[in-house]
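Take a look at the structure set out below.
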Amino acid sequence: MGETTQAAGAARQRSFGATGLCVPAIGLGTWAMERDEPARTREAVARAVELGLCHVDTAEMYGDGAVETLLGEALAGRRDAVFLASKVVPEHASYAGTLRACEASLRRLRTDRLDLYLLHWPGVEPLADTFRAFERLQADGKIRAWGVSNFCERDLAAALDVAGEGRIACNQVLYHLEERSIEHAVVPFCRAHRIAVVGYSPFGSGAFPAATSPGGRALAALGAARGLTPRQIALAFLVREPDLFAIPKAARPEHVSDNAGALGVVLGPDELAALEARFPRGPRRRGVPTA
Ligand SMILES: NC(=O)c1ccc[n+]([C@@H]2O[C@H](COP(=O)([O-])OP(=O)(O)OC[C@H]3O[C@@H](n4cnc5c(N)ncnc54)[C@H](OP(=O)(O)O)[C@@H]3O)[C@@H](O)[C@H]2O)c1
């Protein structure tokens, strides 16, 4: 395999932290999908799986379970093709509460196992209890891997003290072109401990740079030179390292197709430099930014 082909391959499917699992660099988010037109949304989910955006991210919180229910329907007959992730809210994350929440998610999703189960954000329940429940669920075959979300580097250090190395599969955090502050400390921490970084809201929850803005024009120019769309350029930037993943939400099939076009796109040094210049990393923040 030539170098470019290898790089393109790594950009499509990559190792997920220390789990030994292979996951596409780009997946599908589902936040607020209960508000989208149901038939079209089911079609979008089906298309995502078909085109390889098969890391499907959801949460018990989304639509109060309605999104998991919708996915249970949309993924019927497709379950084995999907890397399915869900999350427990901190208020449910006691030992017994986590076990209960997972069972409820499995029922709504009409499946017998999750590929990934996350603590949605740090809360008041002791991490030791939540993680003990995750380990129990994993031993019982109900989840394949587990991780955290919205953890800053200090939260991660505390989590690692509890869990030990190699147990926390990923940290899911806000990451888009105009909010790159996780690059200062969260990404290096995760990299040092083989924790995958899953970037959420890669299009700023819909606040993607307007076509008429300087950033929008820069993305369009880079895209035009490669036959790519601005969002494909943005996604390729956000997954430019082998431990970065992105989960754009798309409830329209044409948006899914657009996003899938970014799988395998490898940006060159000049393209990366142009994006660095137009969308600088910005200052370090205390904690992690949230949606
Ligand atoms: N862990 C956490 O705390 C947390 C927080 C926020 C989000 N997340 C996860 O991350 C996922 C993504 O983040 P997000 O939902 O905030 O927003 P996002 O992915 O940044 O943006 C979604 C918006 O972009 C639109 N879009 C998607 N692809 C497009 C395309 N190719 N062309 C034009 N528009 C496009 C979508 O439209 P349509 O839907 O109409 O297609 C939707 O309006 C969530 O859905 C969720 O799974 C996790």
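Residues in the sequence shown are numbered from 471 upward in steps of one, following our numbering.
Glycine included, C-beta positions come from ideal geometry on N, C-alpha and C.
Could you check what DSSP says for G472 in three-state terms: helix, strand or coil?
-> Taking the sequence shown and counting its residues from 1, one reaches residue 472 at position 2. The predicted model places G472 with a pLDDT of 44, which falls under 50 and marks its position as unreliable; any figure quoted below should be read in that light. Here G472 sits in coil by DSSP.
#### Entry: Contiguous alpha helix (DSSP H) assignments of at least 4 residues, all confined to the region 556 to 627
565 to 579 and 597 to 609
- Message: Can you give me the C-alpha to C-alpha distance between S671 and P700, rounded to a whole angstrom?
- Response: If you number the sequence shown from 1, residue 671 lands on position 201. If you number the sequence shown from 1, residue 700 lands on position 230. Taking the straight line from one Cα to the other gives about 16 Å.
For M503 and Y532, I'd like the C-alpha separation in whole angstroms. Along the sequence shown, one-based indexing puts residue 503 at 33. Along the sequence shown, one-based indexing puts residue 532 at 62. If you take the alpha carbons of M503 and Y532, they lie about 8 Å apart.
What did DSSP end up calling F707 once you bin it into helix, strand or coil? Counting from one through the sequence shown, the residue named residue 707 turns up at place 237. Correct three-state label for F707: helix.
Quiz item: Relative to the C-alpha of R710, which residue among A495, T581, R755 and F486 is closest?
Solution: What you label residue 710 is simply residue 240 of the sequence shown in a count that begins at 1. When only C-alpha atoms are compared, the closest one is A495.
(Q) Taking 8 Å as the threshold (C-beta atoms), are S651 and P430 in contact? (A) Look at the range of the chain in this structure, 471 to 761, and you will see that residue 430 is not part of it.
query = Going by the CB atoms, is the gap between A551 and V594 shorter than 8 Å?
reply = Counted from its first residue, the sequence shown places residue 594 at position 124. Counted from its first residue, the sequence shown places residue 551 at position 81. Taking 8 Å as the cut-off, the beta carbon of V594 is found no closer than this to the beta carbon of A551.
message: Do L714 and A704 count as a contact pair if the criterion is CB distance below 8 Å?
response: One-based indexing of the sequence shown puts residue 704 at position 234. One-based indexing of the sequence shown puts residue 714 at position 244. In this structure, L714 does not lie closer than 8 Å to A704 by Cβ.
What would DSSP say about H725, mapped onto helix, strand or coil? Counted from its first residue, the sequence shown places residue 725 at position 255. Correct three-state label for H725: helix.
- Could you please give me the residues that DSSP links to R484 through a beta bridge? Stepping through the sequence shown from its first residue, residue 484 is reached at position 14. Per DSSP, V493.
Using a Cβ-Cβ cutoff of less than 8 Å, which residues in the same chain neighbour I638 once the five nearest sequence positions on both sides are dropped?
For the purposes of this step, residue 638 is taken as residue 168 along the sequence shown, with counting starting at 1. Cβ within range, chain order: G487, W616, G617, V618, L626, A629, L630, H663 and I665.
Note to self: Between which two residues does the alpha helix (DSSP H) holding G686 run?
What the structure shows: Counting from one through the sequence shown, the residue named residue 686 turns up at place 216. Element bounds for G686: P684 to R696.
> Taking 8 Å as the CB-CB limit, is Q642 close to chain B?
Replying inline: Protein chain content of the structure displayed is limited to a single chain, and chain B is not contained in it.
Checklist entry - Quick one: Cα of P679 to Cα of R602, how far? => result For this step, residue 679 is matched to residue 209 along the sequence shown. For this step, residue 602 is matched to residue 132 along the sequence shown. Whole-angstrom Cα-Cα distance: 42 Å.
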